[in-house]
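Here's the structure, in structure tokens; my notes come after.
Number of protein chains: 2
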Amino acid sequence: MSSSVQRKRIRKSPEARRAEIVATAARIALTEGLECVTLRRVAEELTVRPGLISHYFPSAEDLVAEAFSVAALGELDTLLPQERPDGTPAQYLARYFALSSGEAYDDISRLWINARHLSRYRPVLRDVVTRMELASDDRLEALILDGVARGEFRTDEARSAAIQILVVLDGLGAHANSDRTDRPAAVTRLALSTAERALALPHGTLDAPGATGTLPLDFSPTEAAEAAVPRAAAQAAEAAAAVSAQAAAPEAAASTAAAGA
Amino acid sequence: MSSSVQRKRIRKSPEARRAEIVATAARIALTEGLECVTLRRVAEELTVRPGLISHYFPSAEDLVAEAFSVAALGELDTLLPQERPDGTPAQYLARYFALSSGEAYDDISRLWINARHLSRYRPVLRDVVTRMELASDDRLEALILDGVARGEFRTDEARSAAIQILVVLDGLGAHANSDRTDRPAAVTRLALSTAERALALPHGTLDAPGATGTLPLDFSPTEAAEAAVPRAAAQAAEAAAAVSAQAAAPEAAASTAAAGA
DNA sequence: GATGCTATTGAGTGTGCGACCAATAAGCAA
DNA sequence: TTGCTTATTGGTCGCACACTCAATAGCATC
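Protein sequence lines, in the order shown, are assigned to chains A and B.
Taking the UniProt record's numbering, the leading residue of the first sequence gets 1, the next gets one more, and so forth.
Taking the UniProt record's numbering, the leading residue of the second sequence gets 1, the next gets one more, and so forth.
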């Protein structure tokens, strides 16, 4: 009989296999870093041969970009959900800050630092990073506009307020890989105080606990990434369609749009 | 006669050769990125053999760390000089903000993103990054304390103010590799307004031009790095001496301290 | 049960990296 | 001038990577 390794090969549908590859790549990106998203590493994880991965992603750069896209989108959907049925905008904003200072958020910060650096060399990734930054801006702006409409927040420039908050969070997250013990309290609260000032809120309004009401306050970045695979696939297909519609080089987007082929 | 390539080998003093190597590595780090600081790349730049580089840096990781150290220290000395003979603290602070929003500053931001990411995998670099972060905190805190003593600034927590300002600058610099066109004015001014609030300054006090007095407002990151080589060598020797004094493994620091041997 | 499509494998190419080591020669000192 | 120290060379090894392509074998369809 044959040895226990090298099982019988399993032939899956392209859609299923591709989703599996992307989910695995996103998990590796989140836990080990984007440069660990290699054909060999992903293949090993799925116990297939590296050639199979490049069959679905002829250019490895596309896989890395999509891994980041999925991981970041999963995070965004958890931190700033599009639908907010369980509380007020102020509560969701307080929850966002509470989650953004937790341990689990370090994985996210690391991922963003990673992506921002790697995008220096990889144009495809750079585009995805830019798109995800805009998506974050949009999401937070929408939350703020909602709060303004309900009279919870007061600002004339919701988008500017959103970007200011995100810049501060980026600055705080920049140290996710280094030591940042004994930070002064004013530094830890910098994102909150920025929001309070930009949204004309009394000091302490957004501090957890209390401000979040009954909203759940825990999340797992890797689980969020798993859940984001189908959404990201749809988004990628959409973006690719937009590209091929406006540009004369549809094959450039083929590798990210192939999920629906 | 021999061909033009492969000139006669030149034997330099260890100190001179090492300084040359470090300066080259720092320049590569600043312009191309820390992962381009390889034995081969540095050797090629100096037209020597790669083996020579590993003769001075038995572990390549130490070279990368020192390249960052030199580049970052050169930048810091230019942006926030230790001696400030030509103006008031407020003027030097205004100059700092002016320089931090210029084009040349993108190279610095890129370098910091690079180092913060790479330090995830490289402990030696991580230590240097932490040390340079503390050095930045110290430098800005000292400037603020000077301003407080002269009655220009007002704060009870100079260090907290310094860190807040640096966090915001990190956040703004995080996008050095991506698009960040059409940022709202409030975002561009975020570092200034943070400083104004933390130091109890009237709005607009730190805006350039005008606030900087006659201080020079241009600098070249690569030139700053060149000039920092001897200072960084002294600093490295100091740090290494401290290490070997307190720990029982002096050979671990040998590669960075070898300059004085 | 036979057939055809294609998902999947297996093997091989070329590149760049750090690390290692013996041989060589530059330049200083006797 | 001679000799010695060691800075410098040249070559080699093993590893990990992306990419290419012909051969193989699931699995659905007829």
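Backbone N, C-alpha and C fix where the C-beta goes; we use that ideal spot for every residue, glycine too.
Source: prediction; values computed, not measured.
Other residues of its chain near residue i: CB distance less than 7 Å, five sequence neighbours each side excluded
i, result
"T212 (chain A)", "Q91, A94, R95, A98"
"L30 (chain A)", "A71, D107, L111, P221, T222, A225"
"A158 (chain A)", "E141, I144, L145, V148"
"R27 (chain B)", "T222, A225"
"K8 (chain A)", "none"
"E20 (chain B)", "L46"
Residue i (DSSP reduced to helix, strand or coil)
i, result
"D138 (chain A)", "helix"
"D77 (chain B)", "helix"
"A247 (chain B)", "Annotation note: pLDDT 37 at A247 (chain B) (below 50); position unreliable, no value reported."
"E103 (chain A)", "coil"
"D218 (chain B)", "coil"
"F97 (chain B)", "helix"
"H117 (chain A)", "helix"
"Q82 (chain A)", "coil"
"R131 (chain A)", "helix"
"P209 (chain B)", "coil"
"I28 (chain B)", "helix"
"G87 (chain A)", "coil"
"E61 (chain A)", "helix"
"F184 (chain A)", "Sequence check: residue 184 (chain A) is Pro here, not Phe. If DSSP states are grouped into helix, strand and coil, P184 (chain A) belongs with coil."
"L201 (chain A)", "coil"
"V48 (chain B)", "coil"
"E15 (chain B)", "helix"
"E20 (chain B)", "helix"
"P55 (chain B)", "The sequence given here has His at residue 55 (chain B), not Pro. Looking at H55 (chain B) - three-state DSSP - the assignment turns out to be helix."
"R122 (chain A)", "coil"
"D146 (chain A)", "helix"
"V229 (chain B)", "helix"
"D170 (chain A)", "helix"
"A176 (chain B)", "coil"
"R154 (chain B)", "coil"
"T38 (chain A)", "coil"
Cβ pair residue i, residue j closer than 7 Å
i, j, result
"G171 (chain A)", "V129 (chain B)", "no"
"A142 (chain B)", "A198 (chain B)", "no"
"D137 (chain B)", "I163 (chain B)", "yes"
"R154 (chain A)", "A228 (chain A)", "no"
"V64 (chain A)", "V22 (chain A)", "no"
"A115 (chain A)", "F68 (chain A)", "yes"
"L169 (chain A)", "S100 (chain A)", "yes"
"residue 262 (chain A)", "R139 (chain A)", "Shown here, chain A extends from 1 to 261; a query on residue 262 (chain A) therefore has no answer."
"L118 (chain B)", "L34 (chain B)", "yes"
"I165 (chain B)", "A185 (chain B)", "no"
"E45 (chain A)", "T78 (chain A)", "no"
"Y56 (chain B)", "R18 (chain B)", "yes"
"L39 (chain B)", "A60 (chain B)", "yes"
"N177 (chain B)", "R120 (chain A)", "yes"
"E152 (chain B)", "P85 (chain B)", "no"
Contacts around residue i, its chain only, beta-carbon distance under 6 Å, and the 5 residues preceding and following it disregarded
i, result
"G173 (chain A)", "S109"
"I113 (chain B)", "none"
"E32 (chain B)", "none"
"G87 (chain A)", "G213, L215"
"M132 (chain B)", "A72"
"D156 (chain A)", "none"
"M1 (chain A)", "Residue placement at M1 (chain A) cannot be trusted, given a pLDDT of 43 that sits under 50; what the coordinates show is reported in the next sentence. Cβ neighbours of M1 (chain A) beyond the five flanking positions: none."
Own chain residues within Cβ distance below 8 Å of residue i, not counting five before or after
i, result
"R49 (chain A)", "A43"
"A208 (chain B)", "A94, R95, F97, A98, L217"
"H203 (chain B)", "S193, E196"
"D182 (chain B)", "none"
"L206 (chain B)", "A90, L93, A94, F97, L192, A195, E196"
"P230 (chain B)", "A19"
| message | Can you pull out the residues from the region 155-171 of chain A whose beta carbon lies closer than 9 Å to at least one beta carbon of chain B? | response | Hits within the stretch, in order: E157, R159, S160, A161, I163, Q164, L166, V167, V168, L169, D170, G171.
| Residues, ordered as in the chain, of the region 102-120 of chain B that lie near chain A by beta-carbon distance below 7 Å | Result list: R110, I113, N114, R116, H117, S119, R120.
| Cβ-based contacts, 7 Å cut-off: residues of the region 126-156 of chain A near chain B | Under the 7 Å Cβ criterion, the region 126-156 of chain A contributes R126, V129, T130, E133.
| query | Going along the region 174-187 of chain A in order, which residues come within less than 9 Å of chain B, judged by CB to CB distance? | reply | Within the region 174-187 of chain A, the residues whose Cβ lies closer than 9 Å to some Cβ of chain B are A174, H175, A176, N177, S178, D179, R180, R183, P184, A185, A186, V187, listed in chain order.
| Positions along the region 56-80 of chain A whose CB lies within less than 8 Å of some CB in chain B | Correct list: empty, as no residue qualifies.
| message | Residues of the region 189-205 of chain A in Cβ contact with chain B at a cutoff of 7 Å, in chain order, please. | response | Among the residues of the region 189-205 of chain A, those with a Cβ less than 7 Å away from any Cβ of chain B are L190, in the order of the chain.
| said: Please list, in chain order, the residues of the region 29-48 of chain A that have any C-beta partner in chain B closer than 8 Å. | reply: Contacts with chain B (Cβ-Cβ distance below 8 Å) from the region 29-48 of chain A involve G33, listed in chain order.
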